[in-house]
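Numbering (the working numbering), first residue to last: 75 to 335. All C-beta atoms, glycine included, are put in the ideal place defined by N, C-alpha and C. The structure under discussion appears below in the form of structure tokens.
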Ligand SMILES: C[S@@+](CC[C@H](N)C(=O)[O-])C[C@H]1O[C@@H](n2cnc3c(N)ncnc32)[C@H](O)[C@@H]1O
């Protein structure tokens, strides 16, 4: 996904007014964040975790950035390559009284170098795939302090036997999609210690992402009636939602939480 390469209709579907641009919700963000809490420390969620510098990679309009700002201490750099998302995040941060905690940066994540670091926490919900999962792990490694934390959500196969039309769909839209075991193995060979992993619940995926996107498709079908190209993009996103409706047992958004060794 490159901001300059995508057609306008893409950003009309994935509009900044959406709270999330990927299956995930605040409960999942906090569940992942709590994995960085030392065992036996204060009750989960009660005390903000302190980090010296946090990077939210592919932050979108910042659903998870705002949760991070509420439940951590430390400056957050929220990075994305689409200006309208960053403008919306800035607006939401101001409304929530969190603008002092969040600095936005318009940048292609693929151009980051170790000089942009170091960070002691990197967060990336549904965006590391842009660099490729393995290459993304390596890039984050070079941006993290030793012992620094990395939390990533990534679309993975949950079962080895997806039906043919489901497998066919992903062979077209995300051929690099891997299973959970392979993703776990990639974290180990990329020099991370795994703290935990879990699948974002189906209910959260619907409430925070698929239902709101489907609602936008209904609206946009009317707005773009007569524009075959735009309608085709709308229907391709509808297909993605329909595939999830039928086959959510076979794949999902999986959180991987780890520390750089
Ligand atoms: C699936 S969305 C996830 C957004 C957000 N993390 C969330 O969960 O709502 C992926 C995000 O990555 C951003 N993105 C795509 N390519 C990028 C790139 N090369 N550099 C930086 N951000 C990029 C998109 O603009 C989008 O906001």
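Supposed contact pair residue j and residue i - C-beta distance, whole angstroms, cut 8 Å
{"i": "residue 204", "j": "residue 224", "result": "Their Cβ separation, rounded to whole angstroms, is 15 Å, which puts residue 204 and residue 224 out of contact at 8 Å."}
{"i": "residue 250", "j": "residue 206", "result": "6 Å"}
{"i": "residue 148", "j": "residue 127", "result": "6 Å"}
{"i": "residue 157", "j": "residue 186", "result": "In fact, because the Cβ distance is near 18 Å, the residues do not count as touching under 8 Å."}
{"i": "residue 105", "j": "residue 123", "result": "Not quite, the Cβ-Cβ distance comes to about 13 Å (not below 8 Å), so this is no contact."}
{"i": "residue 81", "j": "residue 159", "result": "16 Å between Cβ atoms; not a contact."}
{"i": "residue 153", "j": "residue 129", "result": "7 Å"}
{"i": "residue 131", "j": "residue 202", "result": "7 Å"}
{"i": "residue 86", "j": "residue 305", "result": "That belief does not hold up - the Cβ atoms of residue 86 and residue 305 are roughly 12 Å apart, past 8 Å."}
N- and C-terminal bounds of the beta strand (DSSP E) containing residue i
{"i": "residue 193", "result": "193-199"}
{"i": "residue 130", "result": "128-131"}
{"i": "residue 227", "result": "218-231"}
{"i": "residue 137", "result": "Run containing residue 137: none in the beta strand (DSSP E); it sits in the alpha helix (DSSP H), 137-145."}
{"i": "residue 325", "result": "325-334"}
{"i": "residue 151", "result": "150-154"}
{"i": "residue 176", "result": "176-180"}
Where the alpha helix (DSSP H) through residue i begins and ends
{"i": "residue 279", "result": "276-279"}
{"i": "residue 266", "result": "Premise fails: residue 266 lies in the beta strand (DSSP E), 266-273, not in any alpha helix (DSSP H)."}
{"i": "residue 315", "result": "302-321"}
{"i": "residue 161", "result": "157-169"}
{"i": "residue 292", "result": "285-297"}
{"i": "residue 122", "result": "Per DSSP, residue 122 belongs to no alpha helix (DSSP H) and is neither H nor E."}
{"i": "residue 202", "result": "Counting along the chain, residue 202 falls outside any alpha helix (DSSP H), and DSSP gives it neither H nor E."}
{"i": "residue 88", "result": "First-last for residue 88: undefined, no H or E at that position."}
{"i": "residue 102", "result": "100-107"}
{"i": "residue 250", "result": "It is not in any alpha helix (DSSP H) - residue 250 carries neither H nor E in the DSSP assignment."}
When the options are compared against residue i, the one with the closest alpha-carbon
{"i": "residue 125", "options": "154, 241, 145", "result": "145"}
{"i": "residue 101", "options": "132, 312, 327, 274", "result": "274"}
{"i": "residue 268", "options": "335, 238, 171, 172", "result": "335"}
{"i": "residue 309", "options": "213, 290, 230, 173", "result": "290"}
{"i": "residue 83", "options": "169, 298, 130, 316", "result": "298"}
{"i": "residue 322", "options": "294, 257, 256, 237", "result": "237"}
{"i": "residue 327", "options": "167, 231, 85", "result": "231"}
{"i": "residue 263", "options": "303, 212, 184", "result": "212"}
{"i": "residue 315", "options": "281, 303, 183, 192", "result": "281"}
{"i": "residue 103", "options": "286, 324, 305, 271", "result": "271"}
{"i": "residue 319", "options": "302, 292, 301, 285", "result": "285"}
{"i": "residue 337", "options": "229, 252, 301, 233", "result": "Because residue 337 is not part of the residues shown, which for the chain are 75 to 335, the question remains open."}
{"i": "residue 121", "options": "255, 107, 292", "result": "107"}
{"i": "residue 92", "options": "288, 295, 296, 235", "result": "288"}
{"i": "residue 191", "options": "150, 200, 174", "result": "150"}
{"i": "residue 176", "options": "188, 182, 184, 162", "result": "162"}
{"i": "residue 266", "options": "221, 235, 306", "result": "221"}
{"i": "residue 64", "options": "325, 87, 302, 304", "result": "Since the first residue of the chain shown is 75 and the last is 335, residue 64 is not available in this structure."}
Any non-hydrogen atom of ligand 2 closer than 7 Å to residue i Cβ
{"i": "residue 209", "result": "The ligand content of the structure shown is limited to ligand 1, which means ligand 2 is not among them."}
Okay, do the stretch 223-238 and the stretch 317-331 touch, 3+ Cβ pairs below 8 Å being the bar?
yes
Would you call the stretch 183-202 in contact with the stretch 211-218, where contact means no fewer than 3 C-beta pairs closer than 8 Å?
yes
Any contact of the stretch 122-139 with the stretch 95-106, i.e. 3+ C-beta pairs under 8 Å?
At 8 Å Cβ cutoff, the stretches touch.
Pair every Cβ in the stretch 301-317 with every Cβ in the stretch 236-247, then say whether three or more of these pairs are closer than 8 Å.
yes
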